[in-house]
Amino acid sequence: MTDRFDPAVADPAWQARWAEANSFVADSASPKPKAYVLEMFPYPSGRIHMGHVRNYTMGDVLARFRRMQGFEVLHPMGWDAFGMPAENAAIENRVHPGAWTRANIAAMRDQLKRIGFAIDWSRELSTCEPEYYGHEQALFLDLMEAGLVFRKESEVNWDPVDMTVLANEQVIDGKGWRSGAPVERKQLSQWFLKITDFAEDLRSGLEGLEQWPDKVRLMQENWIGRSEGLEFGFRLAGTVPGGATDIAVFTTRSDTIFGASFVAISPGHRLAEALAAEQPEAASFIATCKQGGTTAAEIETAEKRGFDTGLEVIHPLDSSLKLPVWIANFVLMDYGTGALFGVPAHDARDFEFATKYGLPIRRVVAASAEDCNAPVVEAETGSGIAVNSDFLDGLDSATAAGEVIKRAETAGWGRGKTQYRLRDWGVSRQRYWGTPIPVIHCAQCGPVGVPRDQLPVVLPEDVEFDVPGNPLDRHKAWGKVDCPKCGAAARRETDTLDTFVNSSWYFIRFASQPRDQPFDRAEAEAWLPVAQYIGGVEHAILHLLYARFWTRALERTGKLSIAEPFKGLFTQGMVTHETYQSMDGRWLSPDEIELGEGGAVVERSTGGGVSRGRIEKMSKSKKNVIDPEPILDRYGADAVRWFMLSDSPPERDLLWSIGGIEGAARFVQRVWRLAMLPTGAVGEDLPLQRRLHRTIAAVGEAIEGLQFNKAVAALYELTSAIEKAAPSAARDEAVRTLLLLAAPMVPHLAEQAWSRRGEPGMIADAGWPVHDHALLVDDEVTIAVQVNGKLRDTLTAPRGLGRDEAEALALALPKVRSQLGEQPPRKVIVVPDRLVNIVA
RNA sequence: GCGGACGUGGCGGAAUGGUAGACGCAACCGACUUAAAAUCGGUUUCCCUUGCUGGAGUGCGGGUUCAAGUCCCGCCGUCCGCACCA
C-alpha cells in the first residue's frame, strides 16, 4: 500500500501541537521586528463561507511567511458581533440575540481552527461583550470631551410598522424591506461624529498610502469630494418671512455668475420653512417634495419641480438685475448652503428646470468671443471663454472664476471656499443589539455623559422582541437613572452605536488589551499601523474611512499617535460559482444537478433540463454556494488552502471548481511522495540547484507582493523538476527546501513531512530559505533570433557572449541566411543574452 | 451623467518593450493493472492535406519602434464605484 498523506489525522494533530506550543501567540515585548497582519474580522452569521476561507488563507500565508523571516507576528481574530441579523433571528426564532451570536461564534471558531490558521487566539475578542464595548463607551466619552460628538435633528427613513429607522439599502421601492410598509421620512434627534473636521486630512492622507490599491484611494477621494469655489450671499429685495436678509449660496463656477437667472433653495431650507408657515401653497409643495423615495433610481428619474416664492434677490455684480427665488426639489439641504444660483446655459439641471418653468437661458461661456450669441440648445457644461459677462469677457473659465472670487473678497460680499461632499457620521441606531450610547438625558442639564466609573453601560438581558421597535425603549428599569450632574430623575439614551464604530478600533484592541483601559498607548504603537490589512472591496469606503477617522480622533484626544491605521491594504476578489436554473426558473444548487447524456446538465431528481447561468458570487439566493465544511472533510485543510491560492490573482474573483480542488489535493500527495523518497544519495545536480534557487527567489518575491498564484506556479515547476531529477544530495536538499517554501501555504503537510524526515523542531519555527545569487542564472542562455522582428530561430550560447559574436552566430544560421537571401543586413540589434534582431 | 478597471487557447490565467500561451483545470492518446482507483509519459492557439526555410494570431482600427499583449490615439464590449454634490 502506498503511503499517503492523511489530513484527517495530520490536520488536528498539528493544530494541537501549535496550540500547545503557543506557536502563534504574539509577544508585544519581543525584541524582534514586528509585523501586524490582519484580515477583516467576520460577522458571526453562523457558518464560515468560502470568501472567509480565501481571505484568511491569504493573510495566513503572509503571517507564516513573516514569522519564518524572523518577524514577531501579530495575527489575531475576533468577531464583529453586533448587528441586525441577530435581532432578526431573535424576532423569528425567539432566541436572545446574545445566545444566537455566541453560539455562532463558537461554531465558526471551530471551523476556522480546522483550517489551521496561525492565529493568536489568546487575543480573540468579540465586540458584543462588555469587556469590549465598555471601552468603546469610554472612547466615545473621550470624543465627546474633545468636541467631536454632537446631536442634530436629521431626516431618517422610518418604518412605521417595525417602528425602526431603516438604512437606505433597506428601503425597496419606497417600502420597508421587512414590513413592506411605505417608508416615512421622519425627523429624529441623533448622535453624530464630526468626521468632516478631518475632511482635508483624510483626503490629503490618501497620498501617503502607497500600499493601498489606487482604486480604493480614488473611491475615498471621490467620497470626500473636495471642491473649490465661491460662497456668498444674495441680498433679498424687500422683507421676507422669518426676517432673513440674504440667501447664502456656494458655486464652483463663479465664472458663470452673470448667467444666473434664478436662485433655488432646498425644501428643507430655513427660508422655505419660514415661507411655509405663511403660505399654504409653499407648505404643500414642500410636503410633496418629502414624499419621494431616496433610492438612486427614484432620484434619477425624479422630475425637477419648483415653486416660485415670489421673492427676489439682487445680483451682487449688477444691482439692477433681480433674480426670482424658487424652492426646488433638486437642491440638497446638506451640501453647501442648501441653496444655489441657477445658470441654465451651463448646468444640465438648471437647464432642465429653466426650460420647464420658462426662466431665461443666458449664454456666458462660449468656445470663442465670436460665438457670444450662439443659441444654447443644451446645457454646455465645459469650460471656454467668458462672454456677455461685463469685466470677465474674453477670460478663460478658470481665470474668470478666480477673478470673481478676488473681486468678491476685495469688495467683501463673498469669499473663496473649499467645500466637501463628506457628511458627518450619524451613529445612532434605534436597535437593541449594539453598543449602548453612554449618555443620560436630563430635563435640566441636557445630555450628560455617563460617569466613567459607571462604565460599562451593559445591555440588559431581559428584553422582549415580540413587539416591533427597540426593546430598550420599552425596558422600564434600565432606562430610569438619576442625572449624574444634578441628581434629578433622568432617562438613559436608548439608541445604540452603529456597528461601524465597533470595527473602527478593534485592530487597536487586538494590539493591546489591558483590563482597565481601551488600550495601552505604548503597546498599541509598538504594533501599529497594521502592516497588511486584507479584506473585501465592499469596505473600500465606509469601514476604511471610519477607521482612518477614528485614528485621527484618538490623536486629537491625545490617546494614540499614529498617522494611519493601515499601512498596506489588499482587497481580495470574491469566490464565484456557476449558477443553474431549471426550465421553470427555479435556482438549483450544484448538488441538485448532474451531467446527463451527451454532456448536458440535468436536474438530478427530475431529469429535467437545466440551463447554466452566469458565474456569480456565491449567494444563497442563487443557490450556488459551496459550503467549506464538507470540502474540508473530504480533501483536508491544505488542499483547500492551496486551491484558494491557485489559479486566480488574489485581487480577482476565484472560480470554484471541483477540478480545481482535486488538482490541489493531487499536489499535496505529490509533495508527500517527494518528501518520502529515500534520502542519503550523494552528488551534485547543478540544474536542479539552479531551479531551486530561482524558485526560492520567485516564491519569496511572489508572497511579498501577495501574488500567491505566482508562488503556486513556481512551486509546481519546482515539484516537477524534483520528480524528474535523479537521486542526489542536491535532490534531498531541494525536497527539504520545497517543504519550507510550501509551509506557509500547506502547513500541515509541511509539518508532517518535516517530522517524518527527522528534521528537528517544527517547520513553523524554521527560517525562510535564502537564495544564492550565483545560482539564479544559467551559464547557457537561449538567444532569440529575429529577422525584421519575426522569430526565425534560436541559438544556445554561453552567458555573456559579446555583441559581435552573437551577431556572427545569428547571421550564420541557415534559416537566417535563407530569409536574408543575397542582401546584406541593413542593421543588427543585439540584446545581450536575449535576442538578435536582423533588419533586412 | 461622472470616475475607474478589464478584454490573451475549451476554461482560470503567465509574460522588466525582446522566443506569447508559464502553471493549473478540462479533453484526448498511451503505459501500469484481470479491472478500477491511484500514479506515470505524451498531445492540445488557429489555418493550409503535411512540414524544424509555411501562414496568421493577445476585442476592433490606426500610430510610435529594429521589435508592441505591453506605449500612444480612436472605437467596441464587459464589469465595478459614485450619482440632482451646485
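One gets this note's numbering by counting positions in the first sequence from 1 and adding 251 to each. The beta-carbon is built from N, C-alpha and C at its ideal position, and this holds for glycine as well. Predicted model only: the values in this text are computed from it and were never measured.
Report task. Express the C-alpha separation of Arg666 and Leu591 in angstroms, rounding to a whole number. Result -> Cα to Cα, Leu591 sits roughly 15 Å from Arg666.
Requested in this report: Figure out for me which residue from Thr560, Arg556, Phe509 has the closest Cα to the Cα of Gln530.
Outcome: It is Thr560.
Requested in this report: Report yes if the C-beta distance between Phe333 and Asn721 is below 8 Å; otherwise report no.
Outcome: Cβ distance not < 8 Å, so Phe333 and Asn721 don't count as in contact.
Query raised in the report: So, helix, strand or coil for Glu396, using DSSP?
Result: Reduced to three states, the DSSP call for Glu396 is helix.
Query - Contact belief for Thr428 with Thr378 at Cβ below 8 Å, rounded distance in angstroms - result: Per the sequence shown, the amino acid found at residue 428 is Trp instead of Thr. Rounded to the nearest angstrom, the Cβ distance from Trp428 to Thr378 is 24 Å, too far for a contact under 8 Å.
Query - CA-to-CA distance, Gly321 to Val1079, given in whole angstroms - result: Val1079 and Gly321 have their alpha carbons spaced roughly 50 Å apart.
**Report entry** Euclidean distance between Cα positions of His1024 and Ala949
**Finding:** Ala949 has its alpha-carbon roughly 12 Å from the corresponding atom of His1024.
Query - Those runs of the alpha helix (DSSP H) which lie wholly inside the segment 444-509 and span at least 4 residues - result: For the alpha helix (DSSP H) assignment, the uninterrupted runs of no fewer than 4 residues enclosed by the segment 444-509 are, from N- to C-terminal side, 450-455, 465-475.
Query raised in the report: Which residues in the same chain have their Cβ closer than 7 Å to the Cβ of Leu839, if we skip the five residues on either side of it in sequence?
Result: Tyr831, Gln832, Ser833, Glu854, Val861, Lys874, listed in sequence order.
Requested in this report: Please confirm whether any heavy atom of the ligand NAD lies closer than 7 Å to the CB of Met301.
Outcome: In the structure on display, the ligand NAD does not appear, and there are no ligands present to speak of.
Requested in this report: Please work out which residues of its chain come closer than 7 Å, Cβ to Cβ, to Ile370, disregarding the five sequence neighbours upstream and downstream, and give them in chain order.
Outcome: Contacts found: Phe275, His326, Pro327, Met328.
Requested in this report: Ignore the nearest five residues each way along the sequence and tell me which others in Lys736's own chain have a CB closer than 7 Å to its CB.
Outcome: So the list reads Cys693, Cys696, Val699, once near-sequence residues are dropped.
Requested in this report: Pair every Cβ in the segment 988-999 with every Cβ in the segment 930-941, then say whether three or more of these pairs are closer than 8 Å.
Outcome: Not touching, per the Cβ criterion.
Query raised in the report: Do the segment 957-966 and the segment 885-896 make contact, defined as three or more Cβ pairs closer than 8 Å?
Result: Contact annotation: the segment 957-966 touches the segment 885-896, with at least three C-beta pairs closer than 8 Å.
Report task. Return yes when the Cβ of Ala1035 is within less than 8 Å of the Cβ of Leu1042, no when it is not. Result -> Against a cut-off of 8 Å, the Cβ pair of Ala1035 and Leu1042 comes out as a contact.
Report task. Keeping to the same chain, check which residues put their C-beta closer than 7 Å to that of Gln670; ignore five residues upstream and five downstream. Result -> Within the same chain, Gln670 has close Cβ partners Ser478, Gly480, Phe501, Gly587.
Query - Segments assigned alpha helix (DSSP H), at least 4 residues, entirely inside the segment 255-322 - result: The qualifying runs are 258-271, 301-319.
Query raised in the report: Nearest to Glu744 by alpha carbon, out of Ser755, Gly738, Val732, Thr750?
Result: Cα-wise, what sits closest to Glu744 is Val732.
Report task. Please list, in chain order, all residues of the same chain as Ile954 whose beta carbon is under 6 Å from its beta carbon, the five residues on each side excluded. Result -> Taking Ile954 as the centre and dropping the five residues before and after it, the same chain places the C-beta of Phe316, Ala962 closer than 6 Å to its C-beta, in chain order.
**Report entry** Limits of the beta strand (DSSP E) - the one that Val1038 falls within
**Finding:** Run containing Val1038: 1031-1038, per the beta strand (DSSP E) assignment.
Query raised in the report: So, are the CB atoms of Val615 and Phe509 less than 8 Å apart?
Result: Cβ atoms of Val615 and Phe509: closer than 8 Å.
Query raised in the report: Got a sec? Which residues, its chain only, sit under 6 Å from Lys541 by beta carbon, not counting five neighbours each side?
Result: The answer, listed in chain order, is Arg436.
Report task. Could you tell me which residues DSSP puts in a beta bridge with Trp676? Result -> Partner(s): Leu444.
Query raised in the report: Glu1002 lies in the alpha helix (DSSP H); which residues open and close that run?
Result: 998-1007 is the span of the alpha helix (DSSP H), which, as asked, contains Glu1002.
Query raised in the report: Mapping DSSP to helix, strand and coil, what is Asn408?
Result: Strand at Asn408.
Query raised in the report: Could you give the C-beta distance for Leu394 and Ser512, rounded to a whole number, given that I count them as a contact under 8 Å?
Result: The distance from the Cβ of Leu394 to that of Ser512 is about 45 Å, inconsistent with a contact at the 8 Å cut-off.
**Report entry** Ala620 versus Gly645: straight-line alpha-carbon distance, rounded
**Finding:** For Ala620 and Gly645, the gap between their C-alpha atoms comes out near 6 Å.
Query raised in the report: beta strand (DSSP E) containing Pro575: first to last residue?
Result: 569-579 is the span of the beta strand (DSSP E), which, as asked, contains Pro575.
Requested in this report: Have a look at Arg1085 and Ala972 and give me their C-alpha separation to the nearest angstrom.
Outcome: If I take the Cα positions, the gap works out to 24 Å.
Query - Buried or exposed by the 16-neighbour rule on C-beta atoms within 10 Å, applied to Asn624 - result: The C-beta of Asn624 has fewer than 16 other C-beta atoms within 10 Å across all chains shown, which makes the residue exposed.
Query raised in the report: Rounded to the nearest angstrom, how far is the Cβ of Leu820 from that of Val919, given a contact under 8 Å?
Result: A Cβ-Cβ distance of about 31 Å is found for the pair Leu820 and Val919, leaving them out of contact under the 8 Å criterion.
Query raised in the report: How many angstroms separate the CA atom of Glu1058 from the CA atom of Val1087?
Result: One alpha carbon belongs to Glu1058, the other to Val1087, and they sit about 7 Å apart.
Requested in this report: Kindly give me the distance between the Cβ atoms of Tyr307 and Phe368, rounded to whole angstroms, as I take these residues to be in contact under 8 Å.
Outcome: With a Cβ gap of about 6 Å, Tyr307 and Phe368 count as contacting.
Requested in this report: Can you say whether Pro282 is buried or exposed, counting buried as having 16 or more other CB atoms within 10 angstroms of its CB?
Outcome: It is exposed - the Cβ of Pro282 has fewer than 16 other Cβ atoms within 10 Å.
Requested in this report: Counting only the same chain and skipping the five closest in sequence on each side, list residues whose C-beta sits under 8 Å from that of Asp278.
Outcome: Excluding positions up to five away in sequence, the list reads Glu323.
Requested in this report: Pull up the CB-CB distance for Leu795 and Val467, whole angstroms please, since I reckon it's below 8 Å.
Outcome: Under the criterion of beta carbons closer than 8 Å, Leu795 and Val467 qualify as touching, at roughly 7 Å.
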